[in-house]
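Take a look at the structure below.
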Amino acid sequence: MPAPSTSPAFWSLAFAEIADPDYADVAVGVLPAHATADPAAWARSLFSLRSLPLWLIALVGMRQALAPIVGLPRVPRDRFRVHYVVGDEALLAVDDRHLDVRVGVGVDEEHGIVRVVTAVRMKGWRGRLFMVPVRMVHPHLVNAMISRSRRNLSGVTA
């Protein structure tokens, strides 16, 4: 196999916005044949109800139902929306009281991959406490979301 003509490199809009994350994760999936290479379409699919596991939908639903009772604001439905697209990557951004989160969803059509880069900045002890369980499930959750989005965007109906 011949050596690549350029040095390997990795970059994400998520790291452009949070250059020194307290938590970071990268997940990579295979771009299905005939699937769109539009990173915004992939980002919307990843965070759609069709791609989220049922247990996460249930947790978010319980949080939404209990929020007014304990005096918390409800989470907007479009919380994880595409803020902008640069080249082959879409950026989603959420700034919260305890966490800032950036998610870069990139589609490398030439190499046939989809990548999801997450960068998190924690704010105070509540942010660190919230991230304890998230660290355990985040990689599995993102891989499940990629798998479901692959099926949703592949055009295969069976």
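The numbers in our numbering rise by one with no breaks, and the one at position 38 of the sequence shown is 1038.
Cβ atoms here follow ideal geometry from the backbone N, Cα and C, with glycine treated the same way.
Beta-carbon separation (whole angstroms), S1154 vs G1029, contact threshold 8 Å: Incorrect: roughly 11 Å between the Cβ atoms, too far for contact.
C-alpha distance - A1144 paired with A1027, whole-angstrom precision: 10 Å
Residue from R1128, G1104 and H1140 whose Cα sits closest to the Cα of I1018: G1104
The stretch 1125–1136 in contact with the stretch 1029–1047 per 3-pair CB rule at 8 Å: no
For H1083, the first and last residue of its enclosing beta strand (DSSP E): Here the beta strand (DSSP E) through H1083 covers V1082 to V1086.
Cβ neighbours of A1024 in the same chain (closer than 6 Å, five flanking residues each side left out): A1119
Nearest candidate by alpha-carbon position, reference A1123, set D1096, R1102, L1056 and V1082: For clarity, residue 1123 is Lys in the given sequence; the question names Ala instead. The option with the nearest alpha carbon to K1123 is D1096.
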